[in-house]
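Q: The sequence shown begins at 15 in the working numbering and counts up by one.
I'd like to ask some things about the structure below.
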Amino acid sequence: MGELAEQIGGILLAGSLTAVGVLLPGLAAWKLAQRRQVPLLPPARVWRSAWNGLNLLAAILVILAIPSLLLLAGLSVWEAPVYAFPLQMLFFILFQRSLRSRIEVPPPEPLRRVWPARLALAAVAWTLLAPLVLGLNGLIDWTYSQLGGEPEEHPLTQLDVSVPRNALLLVLQACVAAPWVEECVMRGLVLPWLLAARTERRRTLFDGAWPSLKARQRAMVMIVVSLWPAWNCSHW
15 MGELAEQIGG ILLAGSLTAV GVLLPGLAAW KLAQRRQVPL LPPARVWRSA WNGLNLLAAI
75 LVILAIPSLL LLAGLSVWEA PVYAFPLQML FFILFQRSLR SRIEVPPPEP LRRVWPARLA
135 LAAVAWTLLA PLVLGLNGLI DWTYSQLGGE PEEHPLTQLD VSVPRNALLL VLQACVAAPW
195 VEECVMRGLV LPWLLAARTE RRRTLFDGAW PSLKARQRAM VMIVVSLWPA WNCSHW
């Protein structure tokens, strides 16, 4: 119980410190959005995806393969994700631009006008979801320990940050490369593909075309893929 209490205390402390950095800018952004008369929620729109499931799978495989190839080229596990980051972003941009021409995308609202509302909405979403995510993470860790599993430290905790170069690699990998790549993959590629399912079902398929997956089927595919590492865990 001592370890559990210590972990809960660490989660609460980290959440409280982060909340200060999230809620204060979010509140200021909300006030600015009110002055500009921009609603907090963006207007509903019909989602259309320029890429199908095979395009999505190929893109994710390429993005994941880039750091692996750099590892094979001789870079360390700390250096490869950092050096792979600009290559991954370049591929992401080229992938989107090459397929965007397939569909007509309505122009978005000017970012300079709507950014306060979007920032405030992000702060609200974080405030609501962060406690649930942290609580679920703590529950999973506790359940895993009760089943006899030993907690595994993140590889980044093994990096000697007393060396300035290592500290820079840690910041670039944990605070820049990893979250940026994850957001580009999930929000930039996967979510549009999921949300476009209903629209695609209404289209008339040409002869020989594969029927597109429904939204629920696409969500199940993503759940199965995300559970694959857990299924292959050595502790089972």
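Note that the Cβ used here is the ideal one computed from N, Cα and C, for glycine as well.
Count the other CB atoms within 10 Å of the CB of Q172; is the residue buried (16 or more) or exposed (fewer)?
A: Position 158 of the sequence shown, counted from the start, is the residue given in the question as residue 172. Burial call: exposed.
Q: Measuring CB to CB, does W65 end up less than 7 Å from L113?
A: As a first step, residue 65 must be located in the sequence shown, where it is residue number 51. As a first step, residue 113 must be located in the sequence shown, where it is residue number 99. For W65 and L113, yes; Cβs fall inside 7 Å.
Q: Please return the same chain residues whose Cβ sits closer than 8 Å to the Cβ of S30, not counting the five positions on each side in sequence.
A: One-based indexing of the sequence shown puts residue 30 at position 16. For S30, where only same-chain residues beyond five positions count, there are no Cβ hits under 8 Å.
Q: Can you name the start and end residues of the alpha helix (DSSP H) that A94 belongs to?
A: As a position in the sequence shown, residue 94 is number 80, starting the count at 1. In the DSSP assignment, A94 falls within the alpha helix (DSSP H) that extends over 93-114.
Q: Within this structure, are the beta carbons of L54 and L135 separated by less than 7 Å?
A: Here residue 54 corresponds to residue number 40 of the sequence shown, with the count starting at 1. Here residue 135 corresponds to residue number 121 of the sequence shown, with the count starting at 1. Judged by beta-carbon spacing, L135 lies within the 7 Å limit of L54, meaning their Cβ atoms are closer than that value.
Q: Compare the Cα-Cα distances from E167 to each of Q160, S82, R127, D155 and report the closest residue.
A: Taking the sequence shown and counting its residues from 1, the one referred to as residue 167 is at position 153. The candidate whose alpha carbon is nearest that of E167 is D155.
Q: Of the residues L104, L203, E93, R111, which one's Cα is nearest the Cα of L186?
A: Counting from one through the sequence shown, the residue named residue 186 turns up at place 172. Here the closest residue by C-alpha is E93.
Q: So which of Y158, L46, L70 has the shortest CA-CA distance to F105?
A: Position 91 of the sequence shown, counted from the start, is the residue given in the question as residue 105. For the residues Y158, L46, L70, the minimum Cα distance to F105 belongs to L70.
Q: Where A47 and L26 are concerned, what is the direct C-alpha to C-alpha distance, given to the nearest angstrom?
A: The residue labelled residue 47 in the question sits at position 33 within the sequence shown. The residue labelled residue 26 in the question sits at position 12 within the sequence shown. Cα-Cα distance, rounded: 30 Å.
Q: Taking its Cβ as the centre, do 16 or more other Cβ atoms sit within 10 Å of W224, making it buried, or is it exposed?
A: Taking the first residue of the sequence shown as position 1, residue 224 is located at position 210. Its pLDDT being 43, under 50, W224 is placed unreliably in this model, and the coordinates cannot settle the point.
Q: Would you mind sorting L150 into buried or exposed? The rule is 16 or more other CB atoms within 10 Å of its CB.
A: Against the sequence shown, residue 150 aligns to sequence position 136. Exposed, because fewer than 16 other Cβ atoms sit within 10 Å of the Cβ of L150.
Q: Could you tell me whether the Cβ atoms of P206 and S115 are closer together than 7 Å?
A: Mapped onto the sequence shown, residue 206 falls at position 192. Mapped onto the sequence shown, residue 115 falls at position 101. Contact flag unset, no.
Q: How many angstroms separate the CA atom of S176 from the CA atom of A191?
A: Position 162 of the sequence shown holds residue 176. Position 177 of the sequence shown holds residue 191. The straight-line gap from Cα to Cα measures roughly 21 Å.
Q: Quick one: is Q102 buried, meaning 16 or more other Cβ sit within 10 Å of its Cβ, or exposed?
A: Your numbering for residue 102 matches position 88 in the sequence shown. Its Cβ being crowded by 16 or more others within 10 Å, Q102 is buried.
Q: For L161 and V147, what's the separation of their Cα atoms in angstroms?
A: On the sequence shown, position 147 is the one that residue 161 refers to. On the sequence shown, position 133 is the one that residue 147 refers to. Near 21 Å, if we compare the C-alpha coordinates of V147 and L161.
Q: Using C-beta distances below 6 Å, list every residue in its chain close to F109, excluding the 5 sequence neighbours before and after it, in chain order.
A: In the sequence shown, counting from the first residue as 1, residue 109 sits at position 95. Excluding sequence neighbours, F109 sits near A73.
Q: Check each candidate in V36, L38, W61, R126 and name the one with the smallest Cα separation from A210.
A: If you number the sequence shown from 1, residue 210 lands on position 196. When only C-alpha atoms are compared, the closest one is W61.
Q: When you compare only the Cα positions, how much space is there between G152 and R179?
A: Mapped onto the sequence shown, residue 152 falls at position 138. Mapped onto the sequence shown, residue 179 falls at position 165. Taking the straight line joining both Cα atoms gives about 32 Å.
Q: Can you tell me the Cα-Cα spacing of P122 and S82, whole angstroms?
A: The residue labelled residue 122 in the question sits at position 108 within the sequence shown. The residue labelled residue 82 in the question sits at position 68 within the sequence shown. Roughly 36 Å between the two C-alpha positions.
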